[in-house]
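Residue numbers (our numbering), protein chains in the order written: chain A, 1130 to 1373; chain B, 1154 to 1374.
One structure is given below, encoded as structure tokens.
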């Protein structure tokens, strides 16, 4: 009779452990990869009742975001526009377009258009648009290049980690208040231009006149300036700042 | 043998998972499953959401007819009080159809910026410049010549706001046009606050002077 346990059997427990270890790693990896808003929310792009294009309205026509999202800079919630506002143009422009049929119906009946909500903070967290916009945080930081989207999708994860990353270093995001809705805007990389934008001189910003900066550095210098000027101090370690 | 089966299975499940669930950031119609939705959906009313409780399907309610909010503004109500942060110094009960709120004195349009706002001087014009850029420029053009980008796309009737008749219009009438619209221009009262409407009027006056050549652009600032 041959032996039941051959020599190789000594390695079996080790192999089993190895496989279990790999399985566990795989499972953890899958949870890490899939069980977060980075996966569950980014890229969410529902189709809307009307094929409304930000690329046309905000991009081509250059309508300011706050014309439609009119309370983004005065309230916590950034509203969607009323049908009345759309009809201000669409009683004349493309007035017979079949794409606009739901709009005309919603307007006539007073029921509005049932847009599908895309971005949503969980109810246990508090978010406020106006505080960000009035301190010079651009829409682009949290929504991406909406002005280039034909159909809006969620571009950023908006996880707690995402919020905190900026709250710990807001200088990477602050910009002049009149550029908040200008999504493609970047800080000028020329030291003198940057200084005159900020109303100071290059040496006050610890730069040499005529210097050429990297975009990152220019943003940082500008951000630091605004951070001091506006006294920006976002909640980072204080949980009650966002969970109130 | 064990290793082959074990790792084989792992690779197969891995590929299957990726195939089924895809990568991060892929665009899609469907909301993904929320694995831990803890307290993310509480039975409270959020802004602009649906509610099946009310017949019209809206969760947000309008004030009962004939009532006036005190101490804060409901956007777009005809009479507003001093609830908002711009602080015009109007009392909390100033909900009358006075000049500040309507641009009219009795039956006629009044002229001039209401006193409590006019005292803000250049600040008011600056605010007006910003707000004009948001609410008007895409139709009427940056210099108010009636040539904004929307006109080129088919909104043919947009008016030139620097023309002679516009320069002669009393401030109150322009205020009224912003509030209620006029002919083919839609009402903007629901989105522009009272103070901002006056600020826009005062900025518009500056633009008209620029167009007339009475004010150069440097002075305007």
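Even glycine gets a Cβ: it sits at the ideal position worked out from N, Cα and C.
For clarity, every value in this text was computed on a predicted model and none was experimentally measured.
Open item on the list: For the alpha helix (DSSP H) containing residue 1342(A), name the first residue and the last one.
Closed with: Premise fails: residue 1342(A) is in no alpha helix (DSSP H) and is neither H nor E.
TODO: Check the Cβ of residue 1181(B) against every Cβ in chain A and list those closer than 8 Å, keeping chain order.
DONE: 1172, 1173 and 1174
Task: Collapsed DSSP secondary structure at residue 1235(B) in the structure displayed - done: Here residue 1235(B) scores only 43 on pLDDT, less than 50, and its place in the model should not be relied on; the value that follows carries that caveat. Coil at residue 1235(B), not helix or strand.
Open item on the list: Using a 10 Å radius around the Cβ and a threshold of 16 neighbouring Cβ atoms, would you call residue 1170(A) buried or exposed?
Closed with: buried
- [ ] Ignore the nearest five residues each way along the sequence and tell me which others in residue 1273(A)'s own chain have a CB closer than 7 Å to its CB.
- [x] 1284 and 1285
Task: Inter-residue Cα distance where the pair is residue 1303(A) and residue 1265(A) - done: 5 Å
Task: Amino acids of chain B, ordered along the chain, whose beta-carbon sits closer than 8 Å to that of residue 1213(A) - done: 1339, 1340 and 1343
Task: Helix, strand or coil at residue 1255(A) according to DSSP, with G and I counted as helix - done: coil
Task: Residues within the stretch 1158-1175 of chain B neighbouring chain A, beta-carbon criterion of under 7 Å - done: 1159, 1160, 1163, 1167, 1170 and 1174
Open item on the list: Is there a Cβ of chain B sitting closer than 8 Å to that of residue 1155(A), yes or no?
Closed with: yes
Open item on the list: Just to confirm the assignment, what range does the alpha helix (DSSP H) spanning residue 1131(A) have?
Closed with: Segment: none, residue 1131(A) is in no alpha helix (DSSP H) and carries neither H nor E.
- [ ] Indicate whether the contact test is met: 3 or more Cβ pairs, each with one atom in the stretch 1311-1326 of chain B and one in the stretch 1294-1302 of chain B, closer than 8 Å.
- [x] yes
Task: Cα-Cα separation, residue 1190(B) to residue 1218(B) - done: 39 Å
TODO: State the beta-bridge partners of residue 1261(B) as determined by DSSP.
DONE: 1258(B)
TODO: Could you tell me whether the Cβ of residue 1286(B) comes closer than 8 Å to any Cβ of chain A?
DONE: yes
Open item on the list: Does any residue of chain A have a CB that is nearer than 8 Å to the CB of residue 1155(B)?
Closed with: yes
- [ ] Output the residue ranges of the alpha helix (DSSP H) runs that lie fully inside the stretch 1194-1255 of chain A and measure 4 residues or longer, sorted by chain position.
- [x] 1194-1197, 1212-1219 and 1230-1238
Open item on the list: Please confirm whether residue 1237(A) has its beta-carbon closer than 8 Å to some beta-carbon of chain B.
Closed with: no
- [ ] Consider the Cβ of residue 1151(A): report whether some Cβ of chain B lies at a distance smaller than 8 Å.
- [x] yes
Open item on the list: Please report the distance separating the alpha-carbon of residue 1155(A) from that of residue 1170(B).
Closed with: 11 Å
Task: Own chain, CB closer than 6 Å to residue 1334(B), minus 5 neighbours either side, in chain order - done: 1340
- [ ] Indicate whether at least one CB of chain B lies closer than 8 Å to the CB of residue 1085(A).
- [x] The requested residue 1085(A) is not part of the displayed model; chain A covers only 1130 to 1373.
TODO: Using a Cβ cut-off of 7 Å, pull out every chain E residue sitting near residue 1306(B), in sequence order please.
DONE: This model lacks chain E altogether; the protein chains it does include are A and B.
- [ ] State the DSSP-derived secondary structure class of residue 1181(B), mapped to helix, strand or coil.
- [x] strand
- [ ] Just confirm the distance between the C-beta atoms of residue 1160(B) and residue 1151(A), as a whole number of angstroms; I'd bet it's less than 8 Å.
- [x] 7 Å
Open item on the list: Below 9 Å on C-beta distance, what does residue 1193(B) contact in chain A?
Closed with: 1249, 1250, 1251, 1252, 1253 and 1254
- [ ] List the endpoints of the continuous alpha helix (DSSP H) containing residue 1289(B).
- [x] Unbroken run through residue 1289(B): none, as it is neither H nor E.
Open item on the list: Looking at the strands, I want to know which residues DSSP matches up with residue 1338(B).
Closed with: 1335(B)
Open item on the list: Distance check for residue 1364(A) and residue 1324(A), CA to CA, integer angstroms please.
Closed with: 29 Å
Task: Under 7 Å from the C-beta of residue 1405(B): neighbouring residues of chain A - done: Outside the displayed range of chain B (1154 to 1374) lies residue 1405(B), so it cannot be described from this structure.
Open item on the list: Let me check understanding here. Comparing Cα to Cα, which of 1192(B), 1177(B) and 1355(B) lies closest to residue 1163(A)?
Closed with: 1177(B)
Task: Burial state of residue 1261(A), where buried means 16 or more other Cβ atoms lie within 10 Å - done: buried
TODO: Give me the Cα-Cα distance between residue 1163(B) and residue 1183(B), rounded to the nearest whole angstrom.
DONE: 27 Å
Task: Closest Cα partner of residue 1309(B) within the set 1244(A), 1291(A), 1252(A) and 1217(A) - done: 1217(A)
Open item on the list: Using beta carbons (cut-off 8 Å, strictly below), is residue 1236(B) in contact with chain A?
Closed with: Interpretation of residue 1236(B) is limited by its pLDDT of 40, a score under 50 that renders its predicted location unreliable; no figure is taken from the coordinates.
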